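Structure, as structure tokens:
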Amino acid sequence: MKREGRTSLTHFLALFLALTLMIGIGWFHAIPARAQTPTPEAGQEATAMPTERPLATPDPNKPPLIVGAVFNATGWMATYDQLPRSAALLAIEDINAHGGVMGRELKLIELDGKTDPATVGNAARQLISQGAEVIIAPCDFDIGAPASQAAQEKGLVGISTCATSPLYSSKVLGDKQFTVGMWNNIMGAAMAEYGYEKLNWRTAYIVTDTSTDYATSLGDYFEQHFTGLGGRVIGRDTFTAGDQDFSAQVQRIKGLSSQPDVLYITGTMPDLGIVLRQVRAAGITIPLAGGDTYDDTELYKTLGPDLANDLYMATHSWLGPEAGGEMARFVQLYKDKYGEPPSSAFIVMGWDVIKIIAQAVEKAGTTEGAALGKAMEEMEFDLLSGKLKWSDAESGHQPQKEAAIVVVQGGQPQFLGWMRPTNPPQP
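Here you go:
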């Protein structure tokens, strides 16, 4: 399922995923991960905290507008699904406090996909059978695609909170499928261009996790854009999810005749934290860079303040006042509900996906898939994660967005600016 030009193994995996979705066979990852907020039992309605002084109330004579969500609560994907889930619930509160959507109360029903593609697909089908009119899919192509394919089968719009693989497209999944996350060609190119233009990076060494399309394609796009700008990649290495010992990779890096200006390392937690910690513990102090999975307070805790330095990332948003727009209001609402400020840009993606659904349904006047999908194509959304405009279905529903560039020093993230790369690689 990887883009054209990948290895034959990649094309085999793509065919395998497609067959898996058709016959309902899947595989299971069981790496433990945290969950931020409690998740209801299967099919249970997720209720939102009532607002003290609602500005309006939905019409009790109208049926609720039901959104079905597959938020993984167990397995490694819980790290990337439970964060947006918390803000999705908050957005539903906010919308209902202002009269709902077309006068209809917005309700969320959800199931745990258990970080298993077959379970994710079956969960989406169950939610549709329970009345879901739109499907929210997990934050990853390999795990989340089955939810969108289930929505497409029933003619419904499906939308991932933050999947970034260019495979999360209408070309692969169907003309009613979207993702809010920028694609990896933008994410990888944004970090490459910022590093080359602003940080004077001229040489790079790339290490990628081969377990997901997210990690492999992100490394590839970084290399394409970095070398296109005039940079040089002096080596590449790999690891696999679940590995615990990265001493071989570390020794190969330390054995280079000259150290690169940056190590670009892709992966997901908890593996990413393990590899970065071993790199830093080995005395390698050059900048480390990657994508949105660096946007994780658990990663900074894994490294500790002494090792969590010079970590650069391209991510979805910035939670400080520099983000502008509605961010300050969102941060206060989040603190009021959960007792702490939002800790990662992954959180705002849940708010954004609900706001997109609400605004698009208002424009379309219906949740019917073709009309709603068309409305989403025609609209430009002003989100916490920046302005978003999708290309049309024939072009893949590519999200046109900027990336937030962030650096971590002493375990604390700092905002560097927004980056829209010039002439990024084609997906």
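Residues -5 to 421 (my numbering) make up the sequence shown, in order. Virtual Cβ for every residue (Gly too), placed ideally from N, Cα, C. Note that the structure is a prediction, hence the values are computed from the model and not measured.
Take Pro418, set aside five residues on each side of it, and the residues of its chain with a beta-carbon closer than 7 Å to its own are Asn179, Ile180, Ala183, His219, in chain order. Under a 10 Å Cβ-count criterion, Gln243 is classified as buried, with 16 or more other Cβ atoms of the shown protein chains found around its own Cβ. Contact annotation: Leu105 and Val64 have beta-carbon atoms nearer than 8 Å. Buried is the label assigned to Pro407, since at least 16 other Cβ atoms lie within 10 Å of its Cβ. For Val114 and Gly138, the gap between their C-alpha atoms comes out near 7 Å. Using a Cβ distance threshold of 8 Å, Ile86 and Ile341 do not count as a contacting pair. Tyr188 places its beta carbon 8 Å or farther from that of Asp134. The DSSP-derived three-state label of Met185 is helix.
In the DSSP assignment, Phe220 falls within the alpha helix (DSSP H) that extends over 207 to 223.
Taking a C-beta distance under 8 Å as the contact criterion, Gln392 and Trp177 qualify as a contact pair.
Ile129 and Met370 have their C-alpha atoms roughly 14 Å apart.
Residue environment analysis places Asn194 among the exposed positions, since fewer than 16 neighbouring C-beta atoms fall within 10 angstroms of its C-beta. Annotated as distal: Ser379 and Met413, with beta-carbon spacing of 8 Å or more. One Cα belongs to Asp53, the other to Arg98, and the distance between them is close to 6 Å. Here the C-alpha atom of Leu59 lies approximately 43 Å from the C-alpha atom of Tyr258. In the displayed model, Leu59 falls within a strand according to three-state DSSP. Annotation: the continuous alpha helix (DSSP H) that includes Phe324 extends over 321 to 332. Judged by pairs of C-beta atoms under 8 Å, the region 254 to 270 does not touch the region 353 to 364, as fewer than three such pairs exist. Restricted to the region 101 to 136, the beta strand (DSSP E) segments that are unbroken, complete and at least 3 residues in length are 128 to 131, listed in chain order. For Ala358, the CB contacts under 6 Å within the same chain, skipping 5 residues up- and downstream, are Ala365, Leu366, Ala369 in chain order.
By a beta-carbon distance limit of 8 Å, Asp214 does not contact Phe233. Their separation comes to about 16 Å.
Residue state for Val174 is assigned as coil, using DSSP reduced to three classes. Burial state of Glu388 is exposed, judged by a 10 Å Cβ sphere holding fewer than 16 other Cβ atoms.
Apart from sequence neighbours up to five positions away, the residues of its chain that approach Gly314 with a beta-carbon distance below 8 Å are Met321, Phe409, ordered along the chain. For Pro111 and Ser252, the gap between their C-alpha atoms comes out near 42 Å. Of the other Cβ atoms in all chains shown, 16 or more fall within 10 Å of the Cβ of Gly62; this residue is therefore buried.
Counting only runs of at least 4 residues, the region 345 to 411 fully encloses the following alpha helix (DSSP H) elements, listed from N- to C-terminal order: 363 to 372.
Setting aside the 5 residues that flank it on each side, Asn303 is surrounded in the same chain by Gln403, each with a C-beta closer than 6 Å to its C-beta; the list follows chain order. When DSSP states are grouped into helix, strand and coil, Ser80 belongs to the helix group. Closest in C-alpha terms to Ala186, from the list Val256, Ile122, Ser154, Gln245, comes Val256. Between Ala144 and Ala118, the C-beta gap is smaller than 8 Å, which places the two residues in contact. A Cβ-Cβ separation of about 18 Å leaves Ser164 out of contact with Pro132 under the 8 Å criterion.
Judged by DSSP in its simplified three-state form, Asp290 adopts coil rather than helix or strand. Here the alpha carbons of Pro415 and Gln394 stand approximately 11 Å from one another. Met307 sits close to Asp289, with the two beta carbons spaced by under 8 Å. Of the candidates Ser385, Asp136, Gly175, Ser385 places its Cα closest to the Cα of Glu372.
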